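To start, the structure itself, in structure tokens.
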Amino acid sequence: EIRTQLVEQFKCLEQQSESRLQLLQDLQEFFRRKAEIELEYSRSLEKLAERFSSKIRSSREHQFKKDQYLLSPVNCWYLVLHQTRRESRDHATLNDIFMNNVIVRLSQISEDVIRLFKKVGKGSTPPAQISLFQADH
Numbered sequence: 048e049i050r051t052q053l054v055e056q057f058k059c060l061e062q063q064s065e066s067r068l069q070l071l072q073d074l075q076e077f078f079r080r081k082a083e084i085e086l087e088y089s090r091s092l093e094k095l096a097e098r099f100s101s102k103i104r105s106s107r108e109h110q111f112k113k114d115q116y117l118l119s120p121v122n123c124w125y126l127v128l129h130q131t132r133r134e135s136r137d138h139a140t141l142n143d144i145f146m147n148n149v150i151v152r153l154s155q156i157s158e159d160v161i162r163l164f165k166k167v168g169k170g171s172t173p174p175a176q177i178s179l180f181q182a183d184h
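Note that the sequence shown covers residues 48 to 184 in our numbering.
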């Protein structure tokens, strides 16, 4: 009877581990895709800012800009473009954080779950029952 209980508990542990691994894999994929979107958005913002910056630089209004503290349309444009570039850098930073911190940490946690499951499973269940972990890793 104790052996039956242990087998059932082991199966439950295996199901929980599989579920956690799937969740971690989904989180990794989510953050990978989000990082791609952030980088794409960052690049698009930078292109937009550069396009309008060069347009302003070549305009006649730019040549008449004398007082930096006046809220002229040109100065407003410069503020908007500066803010857009800042947003671009922020989104590039988010990409970096997701790719180099969040995804890496989720991967480490997945490896820990597998390692712990294998450690618990040693000796209590034949290796053939550890199907998910042998197939995937």
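We put the CB at the ideal spot given by N, CA and C, even for glycine. The structure displayed is predicted, hence computed values, not measured ones.
Range of the contiguous alpha helix (DSSP H) that encloses residue i
i: Lys94; result: Ile49 to Arg104
Residue i in three-state terms, based on DSSP
i: Ser154; result: helix
i: Lys166; result: helix
i: Ser119; result: coil
Exposure label - residue i; buried when at least 16 CB within 10 Å
i: Leu68; result: buried
i: Gln56; result: exposed
i: Ser157; result: buried
i: Glu48; result: exposed
i: Leu92; result: buried
i: Ser64; result: buried
i: Glu61; result: buried
Closer than 8 Å: residue i CB and nearest the ligand COA heavy atom
i: Leu71; result: The ligand COA is not part of the structure shown, which contains no ligands of any sort.
> Are three or more beta carbon pairs between the stretch 87–96 and the stretch 138–147 nearer than 8 Å?
Replying inline: Yes: at least three Cβ pairs fall under 8 Å.
> Can at least three beta-carbon pairs, one atom from the stretch 147–155 and one from the stretch 64–81, be found at a separation below 8 Å?
Replying inline: Judged by pairs of C-beta atoms under 8 Å, the stretch 147–155 touches the stretch 64–81, as three or more such pairs exist.
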